[in-house]
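Every letter in the sequence shown is one number past the one before it in my numbering, and letter 278, counting from 1, is 279.
We treat Cβ as the ideally placed atom computed from N, Cα and C, and that holds for glycine.
Following: one structure in structure tokens, then a few remarks.
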Amino acid sequence: MIGSAPGRGFGEVHPGDRLGRYEILLAVAQGGMARVWAAKQHGQRGFSKVVAIKTILPNLAEDETFERMFLDEARVAAGVHHPNVCEIFDLGEEDGVLYLAMEWVEGESLARLLKPGSGVEGALPQRLNARLAAKIIAEACGGLHAAHELTDDHGQRLDVVHRDVSPQNILVGSNGSVKVMDFGVAKALGMSTETTSAGQIKGKAPYMSPEQAGGQKIDRRSDVFALGICLYEATTGKRPFSAPGGNQIHIIKQILSGQFEPPSAHVPGYPQELEQIILKAMAMDPFHRFATADRMKTALEEWLARSGPVITQTHIGAELQARVGHIVSERQEHIKHLM
2 MIGSAPGRGF
12 GEVHPGDRLG
22 RYEILLAVAQ
32 GGMARVWAAK
42 QHGQRGFSKV
52 VAIKTILPNL
62 AEDETFERMF
72 LDEARVAAGV
82 HHPNVCEIFD
92 LGEEDGVLYL
102 AMEWVEGESL
112 ARLLKPGSGV
122 EGALPQRLNA
132 RLAAKIIAEA
142 CGGLHAAHEL
152 TDDHGQRLDV
162 VHRDVSPQNI
172 LVGSNGSVKV
182 MDFGVAKALG
192 MSTETTSAGQ
202 IKGKAPYMSP
212 EQAGGQKIDR
222 RSDVFALGIC
232 LYEATTGKRP
242 FSAPGGNQIH
252 IIKQILSGQF
262 EPPSAHVPGY
272 PQELEQIILK
282 AMAMDPFHRF
292 ATADRMKTAL
302 EEWLARSGPV
312 ITQTHIGAEL
322 QARVGHIVSE
332 RQEHIKHLM
């Protein structure tokens, strides 16, 4: 249970707290809405394993809007069962603290992989080998397609749109697995937060589609656009849409203009076929993009098959170890000590 020490605010969680059968070990990540913890799941006869626990940030814990978003994330993500989507195990509440128990993946985000320095924001980007990056994004395409195809109990498609596809939300495991995570701002038919208020745009500006940036109606093809941006960044080390100081208004204006340099402007000898895949994914008109993430995945896999040797999870895992293996190992040792 959550402690009640003097000075502890509502919704605060600390290492050592118990949320149901989960013991909080240490914080591992934080976004604008929630914090993710490594936790120990306690079971019968001494059984235990490491899981990830997600909790709403204390300053937002009493905000009904964020509570609804949290519950909607649980509803969407728990319904998706695919090797390329981070699995949701449980939704619970302890002393007013809502939490999600999720699959623990030993690894790092694609964002960290691209900026392996001490701080993701301040580090210089290091692009990935084009074929390796294409394999990672192809795997992410598979996970997103599974989410896009999600249906309710009556077989009606829920028209899920992630709305926040970005390198920060693509997790790369030490074993080379790739998983899409964080459906915290996802949209689906019938969800309590399906309608976005006027002037409110959900997602990260540099990875928005033109229709999302313009506050228009979106569908799965908006996520396809974001996948194209992720692949662009992973293979060039640059974002197609950026502004000094990360000014979001300027970035959104760029997106709405549809003007950006092709990947080959940044990388001499950039693979022409891969560039065409990215440009199709990032077409201004959604009808000119890949109709589904699965079609984009197929295009990437066909290019990979034509362009060289097979890229496997082993290759992806080796790249992760070379870039951020020390970070993963240190965290792993810390968790082992706490277990």
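Helix, strand or coil, according to DSSP, for residue i in the structure here?
{"i": "H83", "result": "coil"}
{"i": "A53", "result": "strand"}
{"i": "R290", "result": "coil"}
{"i": "E95", "result": "strand"}
{"i": "F226", "result": "helix"}
{"i": "G174", "result": "strand"}
{"i": "G21", "result": "coil"}
{"i": "F48", "result": "coil"}
{"i": "R164", "result": "coil"}
{"i": "I219", "result": "coil"}
{"i": "F184", "result": "coil"}
{"i": "R76", "result": "helix"}
{"i": "R158", "result": "strand"}
{"i": "L26", "result": "strand"}
{"i": "Q127", "result": "coil"}
{"i": "F261", "result": "coil"}
{"i": "F67", "result": "helix"}
{"i": "R240", "result": "coil"}
{"i": "Q201", "result": "Confidence at Q201 is low in this model, with a pLDDT of 46, below 50, so the placement of that residue is unreliable and no value is reported for it."}
Smallest Cα separation from residue i: which of the options?
{"i": "M209", "options": "G247, S178, I252", "result": "I252"}
{"i": "T283", "options": "W304, P269, V268, Q260", "result": "Inspection of the sequence shows that residue 283 is occupied by Met rather than by Thr. Checking every option, the nearest Cα to that of M283 belongs to Q260."}
{"i": "H146", "options": "G318, A294, L321", "result": "A294"}
{"i": "A189", "options": "L151, V37, G215", "result": "L151"}
{"i": "V29", "options": "V51, G12, R22", "result": "V51"}
{"i": "K205", "options": "E88, E320, F242", "result": "F242"}
{"i": "P117", "options": "G156, R332, R324", "result": "R324"}
{"i": "L339", "options": "Q42, G215, G33, G318", "result": "Q42"}
{"i": "P272", "options": "Q255, T236, T299", "result": "T236"}
{"i": "G12", "options": "S49, G80, L27, E95", "result": "E95"}
{"i": "D64", "options": "P126, S49, M34, P263", "result": "M34"}
{"i": "I25", "options": "S49, K180, G108", "result": "S49"}
{"i": "I219", "options": "D154, L232, E274, P287", "result": "P287"}
Could you check where the beta strand (DSSP E) with residue i kicks off and where it finishes?
{"i": "M103", "result": "98-103"}
{"i": "R36", "result": "35-43"}
{"i": "S110", "result": "108-110"}
What are the boundary residues of the alpha helix (DSSP H) that includes residue i?
{"i": "V179", "result": "Note, V179: premise wrong, no alpha helix (DSSP H); beta strand (DSSP E) at 179-181."}
{"i": "E334", "result": "314-339"}
{"i": "G143", "result": "131-149"}
{"i": "K116", "result": "Segment: none, K116 is in no alpha helix (DSSP H) and carries neither H nor E."}
{"i": "L257", "result": "249-258"}
{"i": "Q280", "result": "The question names Gln, but residue 280 is Leu in the sequence shown. Taken as a continuous stretch (DSSP letters only), the alpha helix (DSSP H) holding L280 covers 273-282."}
{"i": "P211", "result": "211-214"}
Any heavy atom of the ligand MG closer than 6 Å to the CB of residue i?
{"i": "G318", "result": "The model depicted lacks the ligand MG and carries no ligand whatsoever."}
Taking only beta-carbon positions, decide if residue i is within less than 7 Å of chain D.
{"i": "F90", "result": "Absent from the structure: chain D. Only one protein chain is present."}
The region 124-136 contacting the region 162-175, beta-carbon criterion three pairs below 8 Å: no
Using 8 Å as the cut-off, can you tell me whether the region 243-250 makes contact with the region 172-179, which would need three or more C-beta pairs spanning the two stretches below that distance? no
For the region 206-220 against the region 92-106, are there 3 or more C-beta pairs whose distance is under 8 Å? no
Is there contact between the region 289-307 and the region 60-75, where contact requires at least three CB pairs shorter than 8 Å? no
Give a yes or no on contact between the region 269-285 and the region 225-233, applying the rule of three or more CB pairs nearer than 8 Å. The region 269-285 is in contact with the region 225-233.
Pair every Cβ in the region 154-163 with every Cβ in the region 51-61, then say whether three or more of these pairs are closer than 8 Å. no
Counting pairs of Cβ atoms below 8 Å between the region 310-321 and the region 76-95, do you hit three or more? Result no; under three Cβ-Cβ pairs closer than 8 Å.
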